[in-house]
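Okay, structure first, notes after.
Residue numbers (the working numbering), protein chains in the order written: chain U, 1 to 300; chain E, 1001 to 1421.
Next up, the structure:
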């Protein structure tokens, strides 16, 4: 470590280093203003009372905040459900459309459409589709002779969370598909040729070649979705605003409500830091989990 | 060395300038008005344009959806940004806004222009919500839109089944059952039971009619009273006669059922009245009657939900802003606003023959507004409303019984009060 620093110092003259620092300055300035300062500002908010005195009361209150606990649990269910479905579907679609197939390009383009739609617009459309009385889904089922009186979708206590997950899957599976397809197309062809010579089955090829090679791409895709899912806000806000009752309330919605509707920025900031801590821990855990299984790590 | 620094500093300057221009500042307007996105805001927007043409005062409209309007305005008040000169606000927000100490009291301004203060053509309940504390405190606003709840019912179906216009909630239940039995595709009732503002607003008239309230006279939560439980049990009974999924309904879904003719009765706000008789939106033109909110143990009472006009202390054009809200709430201008679809807050306009000919609901609206009640006047209302809304919606979705739901809401509201002594 020290030796490396020494060599950098050796390579760069004093004037050059000063220039380098100056060149970095604008980026650092922007980062400080837009990220670092607000972060510390909200940390201070979470640890002070409205009159400015230091306190740990906000964090203490979180421990007994049952509604926040429920919202967190639902956020995890939402994240896990959406992530598993999106990864599975995205991978299947990518594998399917990675092969020579008539109309492949058309399918690829069509598949991307949901992702290109603003989440708010998608949510409004789905809200209309889901309407139990006038919606297209129940309407179609009825015309096929089905009894839809118990099918409430986002209006049902038991079905609401699954219904909002479905909207996320519809919108973001294309994202998984896109990343995984790009990953598949960048894989080397040699291992496949060798496997073919050895007479490996399709499943063996996937298990022993495709999956291990694709794992870094999966890691990135899952991580990106995970971070988005844990702070999901816009779709649910439009679809159900957390209801019926509390059935689809997520951590972000609850934080927003406390900070902006109830005008308790201090408590909102404290809740945000809890969510931030959880997000960080889950992400680190995921990175380790997936890294730990790469072939390189297995060898060493 | 110098030339290099000379290269970096313009870069820094450029970065700062770019940051500064990210949000282009609009040309300085003399009056910036924050309005609700909807019919109520549309009328004020049109009025501002008239004002601009007539007095040569440049106005700028900031139009925001209901929830965002509250957040933006409150942040503006708390930080005294001076971004807005006129605030259009929903009356339950008044105690929270006044608690910031950042609202301009209007009485001193009246002293210069109209020493008698707001004239007595304004309906008393409309002026009362403009004061904080309620009724007799400082005057912080003038009432612009005279909303209060009304009862909508299908007159044609009531005639078909030989029913009289409902006077009590028991009548409503009987009529809803009769219509549900007789009509294949019409639900007896429809309501907003989505958590938050919606379900609470639809519950209040029931709660009051059954003799309950959210807070008692001492300001303690009173939701576990037998009256409140009876009110919620009756709401759940109406729910069984409502369309499936009503526990997530907001104004749009309720209006859709009424206008499509698939529900026979509902509590609603006057904003939907014009749509009822508009053939391009409604399948029930001329078939819906309007009546006062039914009673039960007590006389029926509607919740008031007026839109008010106020001035933040941070405004740099307080005099001009006051002139504008005085002008906008004058009889002549409010008549134009009424023509544009907003209920007035002045008795003379409710009694105006021309407007009565245009709006057949005006006599009922006037009665409803005169006898209306405000939602609890506390700066904590948003938080209390949210909690009560969650548990009411849970009860309507079938997750909790009436008593359980109200006991849990009661406990949560007690906690809110305890946290904010």
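The C-beta atom is built at its ideal place from N, Cα and C for all residues, glycine as well.
For residue 1154 of chain E, the uninterrupted beta strand (DSSP E) run begins and ends at 1150-1154, by DSSP. In the three-state scheme derived from DSSP, where H, G and I count as helix and E and B as strand, residue 1269 of chain E is classed as coil.
Annotation: residue 1069 of chain E is outside any beta strand (DSSP E); the continuous alpha helix (DSSP H) that includes it extends over 1066-1079.
Inside the region 130-200 of chain U, DSSP marks whole alpha helix (DSSP H) runs of 4 or more residues at positions 136-143, 160-185, 190-198, from first to last along the chain. A direct Cα-Cα distance of roughly 16 Å separates residue 1365 of chain E from residue 1121 of chain E. Contact note: residue 1262 of chain E reaches chain U through 133, using a C-beta cutoff of 7 Å and chain order. In this structure, residue 1063 of chain E sits near residue 1041 of chain E, with a CB-CB distance shorter than 8 Å. Assignment of residue 232 of chain U by DSSP, reduced to helix, strand and coil, places it in the coil class.
Under a 10 Å Cβ-count criterion, residue 1410 of chain E is classified as buried, with 16 or more other Cβ atoms of the shown protein chains found around its own Cβ. With a contact defined as Cβ atoms closer than 8 Å, residue 1191 of chain E and residue 1266 of chain E qualify at about 6 Å. Around the beta carbon of residue 1079 of chain E, fewer than 16 other beta carbons sit within 10 angstroms, so the residue counts as exposed. In this structure, DSSP gives residue 1312 of chain E an extended state, which the three-state scheme calls strand.
Counting only the Cα atoms, residue 1138 of chain E lies some 17 Å from residue 1318 of chain E.
Burial check for residue 37 of chain U: the Cβ neighbour count within 10 Å stays below 16, so the residue is exposed. Of all residues in the region 24-48 of chain U, only 25, 26, 27, 29, 30, 33, 34 place a beta-carbon less than 9 Å from a beta-carbon of chain E. Listed along the chain, the chain E residues whose CB falls inside 8 Å of the CB of residue 263 of chain U are 1074, 1078, 1096, 1382. Interface with chain E (8 Å Cβ-Cβ cutoff): residue 81 of chain U is excluded. In the DSSP assignment, no residue is bridged to residue 1416 of chain E.
At a cut-off of 8 Å between beta-carbon atoms, residue 240 of chain U makes contact with chain E. CA-to-CA, the gap between residue 1123 of chain E and residue 256 of chain U works out to about 37 Å. Taking a cut-off of 8 Å on C-beta distances, the region 1227-1240 of chain E touches the region 1386-1400 of chain E, as three or more cross pairs fall below it. Chain-ordered, the chain E residues with CB closer than 7 Å to the CB of residue 152 of chain U read 1244, 1245. When the beta-carbon positions are compared, residue 1094 of chain E and residue 1308 of chain E come within less than 8 Å of each other. Closer than 8 Å to the CB of residue 1399 of chain E there is at least one CB belonging to chain U. Per DSSP, residue 280 of chain U is one residue of the alpha helix (DSSP H) stretching across 265-291. According to the DSSP assignment, residue 1290 of chain E belongs to the beta strand (DSSP E) that extends over 1288-1291. Following the DSSP letters along the chain, one finds residue 1382 of chain E inside the alpha helix (DSSP H) bounded by residues 1381-1396.
Of the other Cβ atoms in all chains shown, fewer than 16 fall within 10 Å of the Cβ of residue 54 of chain U; this residue is therefore exposed. Beta-bridge pairing by DSSP links residue 1373 of chain E to E:1303. Chain E places no beta carbon closer than 8 Å to that of residue 252 of chain U, leaving this residue out of the contacts.
Note that the C-beta distance between residue 1304 of chain E and residue 1372 of chain E is below 8 Å.
Of the residues assessed, residue 1243 of chain E falls on the buried side of the cut-off, its CB having 16 or more other CB atoms within 10 angstroms.
Exclusion of the five residues before and after residue 213 of chain U leaves 187 as the residues of its chain whose Cβ lies within less than 7 Å of its Cβ. Spatial neighbours of residue 169 of chain U in its own chain (CB-CB distance under 8 Å, excluding positions within 5 residues in sequence) are listed in chain order as 82, 85, 86, 89. For residue 105 of chain U, there is no enclosing beta strand (DSSP E); the enclosing alpha helix (DSSP H) covers residues 104-116.
Here residue 1103 of chain E carries a strand assignment [DSSP, helix/strand/coil].
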